[in-house]
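Mind the numbering: the sequence shown is residues -22 to -1, 1 to 111 in mature numbering (1 follows the signal peptide of the UniProt record, and there is no 0), read in order.
Glycine included, each C-beta is placed from N, C-alpha and C at the ideal position.
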Amino acid sequence: MKTLLCGTCAVMLTTFAMPAAAQQYQFEAADDSVTTKLCIEAVKDNKYAVKRLMRNVGTTGHNLHKAKFAANHVRCNDLPISQFAYKYGADSTANYLNKFSYGENKIGTTKVEIKDLAATNKTIVILVSSSAP
């Protein structure tokens, strides 16, 4: 009886301990602009490439001004770039960009995440477009 009970407990623990599969996304650029490339690298959590691409965006001058310009004027799929990166789990890049963001471009302080436990493991393809003045 104890063996059956232990076996049942082990099966239940294994079943409930398995994490839900994370949704997979594939991002494709809608065009070949620098800002779209910046969006793609941000959502891929490639902070080095984001820093490099920000040098080619916006105003002339110091890199700090360019970083502030990119963080507050580049929009990816109608979201500020930091929020776009954060939405798809690129937390390192999102936090980096958030340092240069202000106002409504900043990432909120709370994060609500709803996981669909019945979700499939299909990859969702997202077409990424950007805009900047």
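Asked: Bridge-paired residues (DSSP) for isoleucine 104; Found: Phe5
Asked: Leucine 16, buried or exposed, once every other Cβ within 10 Å from all chains shown has been counted against 16; Found: buried
Asked: 6 Å Cβ shell around asparagine 83 - same chain, five flanking residues per side excluded; Found: Asn50, Pro58
Asked: Whole-Å CB distance - serine 70 paired with lysine 25, under 8 Å assumed; Found: 6 Å
Asked: Helix, strand or coil at arginine 33 according to DSSP, with G and I counted as helix; Found: coil
Asked: Inter-residue spacing [alpha-carbon to alpha-carbon] between alanine -2 and asparagine 41; Found: Residue placement at alanine -2 is poorly supported in this model, since its pLDDT is 46, which falls under 50; the coordinates still yield a value, given next. Approximately 39 Å between the Cα atoms of the pair.
Asked: Rounded straight-line distance, which links the Cα of tyrosine 80 to that of alanine 110; Found: 16 Å
Asked: Through-space distance from aspartate 10 to asparagine 76, alpha-carbon basis; Found: 25 Å
Asked: Cβ neighbours of alanine 8 in the same chain (closer than 7 Å, five flanking residues each side left out); Found: Thr14, Leu105, Val106, Ser107
Asked: Pick from Phe47, Thr38, Gln2, Gly36 that is closest to phenylalanine 78, judged by C-alpha positions; Found: Phe47
Asked: Distance between alanine 45 and methionine 32 (C-alpha atoms, nearest Å); Found: 6 Å
Asked: Presumed contact (8 Å Cβ cut-off) between isoleucine 85 and alanine 72, rounded CB distance; Found: 6 Å
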